[in-house]
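When we follow numbering that gives the first Met the number 0, the leftmost residue of the sequence shown carries the number 0, and every step to the right adds one. All C-beta atoms in this analysis are idealised placements derived from N, C-alpha and C, irrespective of residue type, glycine included. Okay, so here's the structure we're looking at.
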Amino acid sequence: MARARTYPVEAVVLQRIRMGESDLALTLLCDDGQQRRAVAKGARKPQGRLAGRVQLFSETRFLMARGRSLDVVAEATLKDPHTAVTASPDGVEAASAVCEVARHTSFEDAGDPFLYALLRRTLRAVGEALEADGPRDGLGPRTGLVVAAYTFKVTSHQGWRPATEACVECGDPSPTWFSAAAGGALCESCAHGVAGAAFGGSTGAAWVGSLVGLTFDELLRAPVDRATSDWLLEQAHLWAATQLDARLRAFEFLLGL
Ligand SMILES: [Zn+2]
């Protein structure tokens, strides 16, 4: 039986790249957990049929037409534009870092619906965190915590789970350092032998464990200060860049690197 020429799919727009005069090449995370690329023809024309309908971070219902190399967007309907996220520069920066990690942890040939559910919840949580943090100078602690939590959750799901309960080298039960290169928590004496290990005090590694294990509802209620959140965000970036072996530019921008 011939494959249908069109198919419906729901997806979050992870990346938009300009193509030609008025088109956009989209990278999507679809509801089946697959990453897909598609062309939105004329999406940059102000009067175009797709103008304003293929926004970054938006949950969108697409009708796709199968193309020879790339599929083509036939129709697009915004389902949830995540306006709480896109309304502020901090929200856009945070969501950009999240979607960048999503691009590096999803694949074109492997469906995994958990990835889509986690990304949707994370984008909602970014909006909730921005509201809880309130207007401020610089990224708020809850917003940073959500980005760090997504990063550790999705990489853990894909097989890179940090060891947080004891020193990865010697098993010391009260680790005070953390290292992406070593794979997790370290005690003081083992940390001396690991370049780039970061001091996290008595709660640093446990916090990383909480980011993996707690729900976003629980994390959004947890009291967290800016220093802790900044430290966790830094470790999340190092963790993802190391395990995914990728340069994460949007994440670097969020950290001010
Ligand atoms: Zn040790």
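Going by the CB atoms, is the gap between residue j and residue i shorter than 8 Å?
i, j, result
"G182", "A205", "no"
"R43", "L23", "yes"
"A187", "T175", "Note on residue identity: the sequence assigns Glu, not Ala, to residue 187. Result yes, Cβ atoms of E187 and T175 sit closer than 8 Å."
"A96", "V84", "no"
"G90", "V125", "yes"
"S178", "V193", "yes"
"F113", "H156", "yes"
"L247", "V100", "yes"
"V53", "L28", "no"
"V207", "L231", "yes"
"H81", "L49", "no"
If you reduce the DSSP assignment to three classes, tell me which class residue i lands in.
i, result
"Q33", "coil"
"F56", "coil"
"R15", "strand"
"L213", "coil"
"T26", "strand"
"A249", "helix"
"E164", "coil"
"D70", "strand"
"K78", "strand"
"T241", "helix"
"W176", "strand"
Run the proximity test for residue i: is its beta-carbon closer than 7 Å to any non-hydrogen atom belonging to ligand 1?
i, result
"L28", "no"
"S188", "yes"
"L169", "The sequence shown places Cys at residue 169, not Leu. For ligand 1, at least one heavy atom lies less than 7 Å from the Cβ of C169."
"L69", "no"
"C166", "yes"
"L49", "no"
"L25", "no"
"L253", "no"
Return the Cβ separation of residue i and residue j in integer angstroms, given the expectation that the two are a contact with Cβ distance under 8 Å.
i, j, result
"F151", "A235", "6 Å"
"G110", "G203", "No, G110 and G203 are not in contact; Cβ-Cβ is about 35 Å, not under 8 Å."
| query | Any chance the stretch 212 to 227 sits against the stretch 247 to 256, with 3 or more Cβ pairs inside 8 Å? | reply | no
| Taking three-plus beta-carbon pairs below 8 Å as touching, is the stretch 218 to 237 in contact with the stretch 132 to 145? | yes
| query | Is the stretch 56 to 70 in contact with the stretch 5 to 17, if contact means three or more CB pairs nearer than 8 Å? | reply | yes
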